[in-house]
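Under this note's numbering, the residue at position 94 of the sequence shown is numbered 96, and the numbers go up by one with no gaps.
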Amino acid sequence: MTIGEALRLGSLTMKPFPGHFYHDGNDSGCALGMINNAVGGSRAKCHYQYREAFPEIHNTLVPYPCDCVGSMVVGGGCAWVPRTSVNNIEGMVCHLFNYHVCQTKDWTIDRLAEWLDQVYPHPVPAEALAEMEKAECVPVKP
3 MTIGEALRLG SLTMKPFPGH FYHDGNDSGC ALGMINNAVG GSRAKCHYQY REAFPEIHNT
63 LVPYPCDCVG SMVVGGGCAW VPRTSVNNIE GMVCHLFNYH VCQTKDWTID RLAEWLDQVY
123 PHPVPAEALA EMEKAECVPV KP
């Protein structure tokens, strides 16, 4: 499952609720909560299973896909933070969902899922790994 597919799947079982990973009582949450739900994360303790399923979400820096300047809406409670502090996929998902999907509505969950699948590092196919092992090469992350 790709990260975009996980978002789409999670959005089928949870209603959008900006600024909250999971919102108790009404089956809602943010995009990261939706992804987490799709990969088997627990709602009870906010077990961040999505970070195990998609480990590069926090480490991969991405260009801004929006024209927001100055401060950006992200994270718990839809806090405003300096734009310069939002530069990885995880932070950008928070911003795009909380602000663009839920507030200005100039993005949709499907558009966010497509963007995720474009920017999230793709795993090396098994066939390519087998060829690398034959050549005595060790795959490294870019």
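All C-beta atoms in this analysis are idealised placements derived from N, C-alpha and C, irrespective of residue type, glycine included.
Three-way DSSP call (helix, strand, coil) for G93 in this model: In the sequence shown, residue 93 corresponds to position 91, counting from 1. G93: helix per DSSP, three-state reduction.
Nearest by alpha-carbon distance to A8: which of S44, Y24, S30 and Y52 is it? Translated into positions along the sequence shown, residue 8 becomes position 6. Ranking S44, Y24, S30 and Y52 by Cα distance to A8 puts Y52 first.
Since G6 is in the alpha helix (DSSP H), which residue starts that stretch and which ends it? Reading the sequence shown from its first residue, position 4 is the one you call residue 6. Residues I5 to T15.
7 Å Cβ shell around G31 - same chain, five flanking residues per side excluded: Position 29 of the sequence shown, counted from the first residue, corresponds to residue 31. So the list reads M16, F19, H22, F23, Y24 and H25, once near-sequence residues are dropped.
Short of 6 Å in beta carbon distance, which residues of its chain neighbour N38, apart from the five on each side in sequence? Order them along the chain. Start at 1 with the first residue of the sequence shown, and residue 38 comes out as number 36. So the list reads Q51 and Y52, once near-sequence residues are dropped.
Any idea what DSSP makes of G31, helix, strand or coil? Position 29 of the sequence shown holds residue 31. Reduced to three states, the DSSP call for G31 is strand.
L118: buried (16+ other C-beta within 10 angstroms of its C-beta) or exposed? As a first step, residue 118 must be located in the sequence shown, where it is residue number 116. So L118 ends up on the buried side.
How would you write the range of the alpha helix (DSSP H) that V121 sits in, first residue to last? Locating residue 121 in the sequence shown gives position 119, counting from the first residue. Per DSSP, V121 belongs to the alpha helix (DSSP H) from I111 to V121.
Might you give, ordered along the chain, the residues of its own chain that have their beta carbon closer than 8 Å to the beta carbon of N90, omitting 5 neighbours on each side? Position 88 of the sequence shown holds residue 90. Counting only residues of its own chain and dropping the five nearest sequence neighbours on each side, N90 has a CB closer than 8 Å to the CB of I59, H60, N61, T62, L63 and V64.
Per DSSP, cross-strand counterpart(s) of P18: Taking the sequence shown and counting its residues from 1, one reaches residue 18 at position 16. Answer is G31, bridged to P18.
How big is the Cα-Cα spacing for R10 and V71? Taking the first residue of the sequence shown as position 1, residue 10 is located at position 8. Taking the first residue of the sequence shown as position 1, residue 71 is located at position 69. For R10 and V71, the gap between their C-alpha atoms comes out near 28 Å.
Which whole-angstrom value is the C-beta distance of Y122 and I5, which I expect to be below 8 Å? Within the sequence shown, residue 122 is the residue found at index 120, counting from 1. Within the sequence shown, residue 5 is the residue found at index 3, counting from 1. About 5 Å; that satisfies the 8 Å criterion.
Give the single residue among A55, C68 and L34 whose Cα lies nearest to the Cα of K107. On the sequence shown, position 105 is the one that residue 107 refers to. Per the C-alpha coordinates, the member of A55, C68 and L34 positioned closest to K107 is C68.
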